[in-house]
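These notes concern the structure reproduced below.
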Amino acid sequence: MDTNAMASSSALDSKNILKRSQTRTYDTAYFTPGLAAPRVVMGDRYGPTLEPALVPLARALALFDRQLVTRVQKFHDKRALPTDEARKSRTLRLLADCDDVIKQWEDIDSGQCHFSELYLTRNSFVPIWTEGMRIIKGVLSSKQTSNNQSKVRDDYARILSHYESLADDLQTQMVDAAHQGLFEPEFFHPIQERWMRLDETVKLYCDSCNHNAHDDVSHVFRRSLTWPEVRSLVRKDDKGTKDHAKLMQTQLASGPRNATEPDTLAGSKNVKAFISWLAIFSCAVAPIPLFSVGYSRSLHVQGTTSDADFWFLILATLTQIQGLAVSALLEWKRDCLPKWRWAIPATVAGACSILTIPLYVLVPKEWSSFLSLAAGITQSFMISQFFLF
86 MDTNAMASSS ALDSKNILKR SQTRTYDTAY FTPGLAAPRV VMGDRYGPTL
136 EPALVPLARA LALFDRQLVT RVQKFHDKRA LPTDEARKSR TLRLLADCDD
186 VIKQWEDIDS GQCHFSELYL TRNSFVPIWT EGMRIIKGVL SSKQTSNNQS
236 KVRDDYARIL SHYESLADDL QTQMVDAAHQ GLFEPEFFHP IQERWMRLDE
286 TVKLYCDSCN HNAHDDVSHV FRRSLTWPEV RSLVRKDDKG TKDHAKLMQT
336 QLASGPRNAT EPDTLAGSKN VKAFISWLAI FSCAVAPIPL FSVGYSRSLH
386 VQGTTSDADF WFLILATLTQ IQGLAVSALL EWKRDCLPKW RWAIPATVAG
436 ACSILTIPLY VLVPKEWSSF LSLAAGITQS FMISQFFLF
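Every position in the sequence shown, counted from 1, becomes a number in the numbering used here once 85 is added.
Right, here's the structure in full:
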């Protein structure tokens, strides 16, 4: 990218930031009394208007959302409401959200309103996707024993092709937005929550197609990218040139995916599974018998502030707190995981680590060691997520 292009991009970014700030400040339509905002927001009647350059991205995402909304509506239209009051209330609320989505989409499509910025920054569509996934799993399970397996396989292949076509379009819009410097970090989480469920959906359809395939029929392999690959592609395009991003996109997406081909980032699924189980065994399973042996041989006495171990414990706690703070700050800066995925483990580990100090002098010393162990296990779990996701 030459100097003039960089300057133009910087100017565009400045204008966009100013425009967004002004929109939030002066566009008060969505604050009008009596205009109750729905739980799932798409249109700018309920939030700041989305930048025109990001409308293609929003439309590509909306096609995905509409697919799941329609699926949920059709499923529940054919069935009576649950008798359980809690499930009935949840279902009615979900269907009301689906109706709101359809109405807002029709208003946007007819030009009566525009996409809202909240559509790309909120996770409000996740319950609809979760319900859609539950429905898909149930439908696929019920057709495993169909008499016409060939027709079922053709239907699955057609649906799979449609999903992957929508995924390709959304991926293209994400890469284009990143190349223009418009793909903001807060867009990642809402799209990630959808795409991870898409990954599961595509896998279910691939498995179902191959389960219903005869020996003389070729197996179906995934063609679209997984979420880690898409995220990596978007970030590389945001930092590099568009030509480089297109090259990466071609290398990853061309041709059917081989079943043994490893994923990017953390490697193949087998490697991820191995690392997960290794972390669980080394941090959670193995320490249990060791703690049991130590507990059985303990004198079950309280420590004192005169013990050297008490001061070593304070030193270890301060070091662990520092490590937790650094890990949390790095992930906050990296912004790859939903905040609860690292904030909750970091808080739990920090609290356990701090509590080891007073417990050392208030109760038998082995319970201080137990909390220290719990803090270490939680911290290991948190850090393993940084690598795996």
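From the three backbone atoms N, C-alpha and C, an ideal C-beta is built for every residue, glycine too.
Ranking Gly223, Ala145, Gln256 by CA distance to the CA of Leu318 puts Gln256 first. When beta bridges are read from the DSSP output, Pro123 appears opposite no residue.
When secondary structure is reduced to three states using DSSP, Gln197 falls in the coil class, being assigned neither helix nor strand.
Comparing alpha carbon positions, the residue from Val224, Val315, Cys198 closest to His274 is Val315. Every unbroken stretch of the alpha helix (DSSP H) spanning 4 or more residues and falling wholly within the stretch 204–288 is given here in chain order: 211–227, 234–264. Secondary-structure assignment with DSSP links Pro449 through a beta bridge to Gln387. The DSSP-derived three-state label of Gly128 is strand. Cα atoms of Thr432 and Glu269: separation of roughly 27 Å, rounded to the nearest angstrom. Residue pairing by DSSP places Thr134 opposite Ser201 in a beta bridge. By the Cβ criterion, the stretch 279–297 is in contact with the stretch 208–221, since at least three pairs of Cβ atoms, one from each stretch, lie closer than 8 Å.
In this structure the stretch 462–471 lies against the stretch 428–447, because at least three pairs of beta carbons, one per stretch, are closer than 8 Å. In the three-state DSSP reduction, Thr168 falls in the coil class, being neither helix nor strand. Taking 9 Å as the cut-off, the beta carbon of Glu216 is found no closer than this to the beta carbon of Val125. Judged by DSSP in its simplified three-state form, Ala371 adopts coil rather than helix or strand. Note that the stretch 245–260 touches the stretch 146–156; at least 3 beta-carbon pairs, one per stretch, sit closer than 8 Å. One alpha carbon belongs to Ala263, the other to Pro313, and they sit about 16 Å apart. Closest in C-alpha terms to Arg282, from the list Leu409, Arg175, Ile213, comes Ile213.
Leu135 sits close to Phe200, with the two beta carbons spaced by under 9 Å. Contact between Gly379 and Tyr445 is absent: CB atoms are separated by about 15 Å, not below the 8 Å threshold. A residue is called buried once 16 or more other Cβ atoms fall within 10 Å of its Cβ, and Gln197, having fewer, is exposed.
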